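Colleague: Quick note on UniProt numbering: the sequence shown kicks off at 1 and runs consecutively. A virtual CB, placed ideally from N, CA and C, is assigned to each residue, including glycine. For clarity, every value in this text was computed on a predicted model and none was experimentally measured.
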Amino acid sequence: MTIIELVAKEARPERRKIIAAALTSGIANAIVLAMINQVTQEGSRGANAQFLTLFVFAVVLYIVGARANYHRTTTVLERALHRIRTRVVEKVERADMEKLERIGAAEIYDRITDNVAVISESAGRLAFFLQSLCIIAASTLYLASISLPAFVLIALLIVGGFTLYASRNQEISAYFIRAAQTRLTFFNQLTDLLEGFKEVKFSRRRGRELREDMVQTSGALRDDTKKANALLDDNFIFGTCVLFAALGAVVFILPLRIESLGESQQKLIAGILFVWGPLGGCTGGLPAYLRSNVALSAIDDLERKLDEALEAGGGKATEDPWQGRLATALEAHEIRYSYGDGGDGGDGKAAFRIGPMSLRIAAGETVFIVGGNGSGKSTFLKNLTGLYRPRFGSLSVDGVPVTEANVAAYRELFSAIYSDFHLFSKVYGLTGVAEPKVHALIEQMQLQHKTSFAGDRFTRRDLSTGQRKRLAMIVTLLEDRPICVFDEWAADQDPEFRKYFYEELLPSLKQRGKTVLAVSHDDRYFHCADRVITLEYGKIRAIEPGSGSAFKPPATHSATKPGA
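1. Could you check the C-alpha separation between R460 and D492 for me, to the nearest Å?
2. Looking only at its own chain, which residues have a Cβ that is under 7 Å from the Cβ of D224, when we skip the five neighbours before and after it?
3. Residues in its own chain within less than 6 Å of S147 by CB, not counting five upstream and five downstream?
4. Which of helix, strand or coil does DSSP assign to L387?
5. Does DSSP put A332 in a helix, a strand or coil?
6. Suppose the cutoff is 8 Å on Cβ atoms and the five residues either side in sequence are ignored; what does the same chain contact list for K201 look like?
7. According to DSSP, is A518 part of a helix, a strand, or is it coil?
8. Rounding to the nearest angstrom, what Cα-Cα distance links I4 and G124 in this structure?
9. Can you name the residues that DSSP bridges to S415?
10. Per DSSP, what kind of secondary structure is I361 in: helix, strand or coil?
11. Count the C-beta pairs between the segment 116-132 and the segment 19-29 that are closer than 8 Å, then say yes if the count reaches three, no if not.
12. Return yes when the Cβ of M357 is within less than 9 Å of the Cβ of I417, no when it is not.
13. With DSSP as the reference, please indicate the residues paired to I354 in a beta bridge.
14. Between the C-alpha atoms of Q323 and P482, what's the straight-line distance to the nearest angstrom?
15. Keeping to the same chain, check which residues put their C-beta closer than 7 Å to that of A529; ignore five residues upstream and five downstream.
16. Given this structure, state the Cα-to-Cα distance separating residue 569 from H71, to the nearest angstrom.
17. Would you say T2 and L302 are within 9 Å of each other, going by their C-beta atoms?
18. For I442, does the count of other Cβ atoms within 10 angstroms reach 16, so buried, or fall short, so exposed?
19. Which term fits P13, buried or exposed, when burial requires 16 or more other beta carbons within 10 angstroms of its beta carbon?
20. Can you give me the Cβ contacts of S173 inside the same chain, cut-off strictly under 8 Å, excluding the 5 residues immediately before and after it?
21. Near L231, what residues of its chain come up, given a Cβ to Cβ distance below 7 Å and the 5 sequence neighbours on each side ignored?
22. Name the residue from Q467, K469, L463, L430 whose alpha carbon lies nearest to the alpha carbon of D456.
23. For A408, tell me which candidate among E504, E93, R512, L247 has the shortest Cα-Cα distance.
24. Classify C484: buried if its beta carbon has 16 or more other beta carbons within 10 angstroms, exposed otherwise.
25. Do the segment 157-167 and the segment 64-83 make contact, defined as three or more Cβ pairs closer than 8 Å?
Structure below.
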C-alpha cells in the first residue's frame, strides 16, 4: 500500500471535499494567472478595478481551498496513523510472547515511532502535491485556450518528463528500503552499546569490535542514503530541465512554426513560469513520498508478523473454569519445551530444551527452585505460568487442563516478578486501590523515604534494582492472586531485607494461603520452603523436603480485590 492509497482509503467519507478543495485552489490560481496576463496586456487601460476585484476574489478563493485541502488531508492522514498505532499496540498486547520476542523490541520501536513520524511529516507534502496537480491542470488548460499547439507541445514535454522521472522511482525506493533495514541494524547495535556498556568497559577488544561493526553499518547507511539522494537530485534537475525545454520551445521553436504566436508568447511564458512552483513542489516532494511508502511498507510488514504471532483466541479468556481460585494443586505433566523452530529438536535448530518435567504443586505450598545458570529455571517458570506454551505435555489446575480457550484465565492465577521485571508508570490492572494500604506496604518495604503513592502511581521509580523489586512486590501484594512467582527476587536485596523476605514475607504469604514458587540461590534459607526442586540441564534432578511445612495452608484460596 502506498501513502496515496492509504489516504484514499481513509478519506472515503471526505474524498469529494478534499478533491473539491484542491480543485478550488487550482482554479483560483488559473484565474490569478489569467488576470495578471490580461492586465499586463492592457496596461493601464480599461477595467483595472474590475480585474483587481476578481484578482482579490481569486486569491481569497485560493486561501480557502488551500486551507481546506491541507487541513482535511492532514486530518485524514493523522487519523489513519492513529488507527495504525492503535492496531499495532492491540496486536502486540495479544501476541504470543515467544513469537513477539523473535520479532524483537527494536523493530517494533522503529516501526511505531520513526516510521510513523516519517509518514506524519509527509502530510503537508501530500496536500501540496494534490493541490499542485490541480494548479498544473488548471493552468495548462488556460494555456490551451491561448494556443492549442503550444499546449500540446508543453503537455507532451511535461508528461514525457514525468514518465522518465517516475521510471527511476523503483531504483530510488530500493535504496531507501535497504537504508531502512540498515538503520534498524544500527539501532540494535546502539542498543548493545548502551545496555551492555558495563561489559564494554571491561573489555577494550569487545568495545573495539562493536565500534567497528557500528562504523561499518553506519557507512552502509551513508552509502545507500547518498545514492538515493543523488538519484533524487538528478531527478529534480531533470524536472527543471523539462521546464527549460518548455520555455525554449515557446521562445525559440513555436514562433518559427506559428506566425500568430507573437501576441500570445508573453502569456505562454507567464503561464509556464506560473506552474514552475507547483511542478517543482511535485518533484521536490518525491523524496518524502518515497520515504513514506517505504515506512508504510515496513509497518505493513510488522503487522503481518504480528498477525502471525497472535495467540490462539487472540489472548482473550473465552473460558475461566477457576474464577481466580486454586483449590487443590497445579500440575505439570511431562512438559517439554525448546527454543527456536526445532520443536522437539529433531532438526537441530533448538538452542535449548527443558523436559520432560512432571511436577505437582499443592495449593498453599512454598516451593524453591534452584540450579545453576542455564539449568532452565526461568524457562520452566515461563512454561509453568503460561507465558510459553510447552511443545509437548500439558498443564492442569485442580484437574482442569489448560487449553487455548482458558490459558488467558490461567495466567490470571499468577502474580510474577521475573529477574527482568518491569515497573509501569502507573499501577495498571488494579481498581479501587486504597492509598493508605499502599502507603502501609511502602513502609513495610522500607521505602517511605524514597517514594510515595498518589493518583494510581508511585511518585518515584528511579531507584536501585533492589528497591524497584520491593515496589514490584507491593504491586504483587495488591494483586492478591493465589500463586506468587519470584525469580531470584532476593538477589539484589541487602542481608537484612533478604532475611525479611525469607523468614517473614514468605511465611506470611503462606499463612494467607498463597502458593509460592521462588527461584533462589540462598541455601541458608532453604529451610523456609516446603520443597526444594533442583534443576540441571533442563530437567528435575532432585526434589528435597524443606521444613516450611510447619505453616499449614488452608484447603482453598479465593483471590480478593485490592483494597478490600
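Modeller: Per the coordinate set shown:
1. Answer to the nearest angstrom: the Cα atoms are 19 Å apart.
2. Here the set comprises Y175, R178, A179, T182.
3. By the criterion of a C-beta distance shorter than 6 Å, S147 is surrounded in its chain by S264, once the five residues flanking it on both sides are discounted.
4. L387: coil per DSSP, three-state reduction.
5. In the structure shown, A332 falls within a strand segment according to DSSP collapsed to helix, strand and coil.
6. Correct list, in chain order: G207.
7. In the three-state reduction of the DSSP assignment, A518 falls in the strand class, which pools E and B.
8. So the alpha carbons of these two residues sit roughly 13 Å apart.
9. Under DSSP, the beta-bridge partners assigned to S415 are C484.
10. In the three-state reduction of the DSSP assignment, I361 falls in the strand class.
11. Contact between the segment 116-132 and the segment 19-29 is present, because at least three Cβ pairs lie under 8 Å.
12. Taking 9 Å as the Cβ cut-off, I417 and M357 do not qualify as a contacting pair.
13. Paired residues: Y337.
14. Straight through space, the alpha carbons of P482 and Q323 are spaced by roughly 11 Å.
15. Answer for A529: T366, V367, F368, G546, G548, listed in chain order.
16. Residue 569 is absent from the structure shown; the chain starts at 1 and stops at 564.
17. The answer is no: Cβ separation not under 9 Å.
18. With at least 16 other beta carbons inside 10 angstroms of its own, I442 counts as buried.
19. The residue is exposed, with fewer than 16 neighbouring Cβ atoms inside 10 Å.
20. For S173, where only same-chain residues beyond five positions count, the Cβ hits under 8 Å are L290, N293, V294.
21. Closer than 7 Å at the Cβ level, and outside the excluded window around L231, lie R168, E171, I172.
22. Ranking Q467, K469, L463, L430 by CA distance to the CA of D456 puts L430 first.
23. Answer by Cα proximity: E93.
24. Looking at its Cβ environment, which holds 16 or more other Cβ atoms inside 10 Å, C484 is buried.
25. Contact fails: fewer than three Cβ-Cβ distances are below 8 Å.
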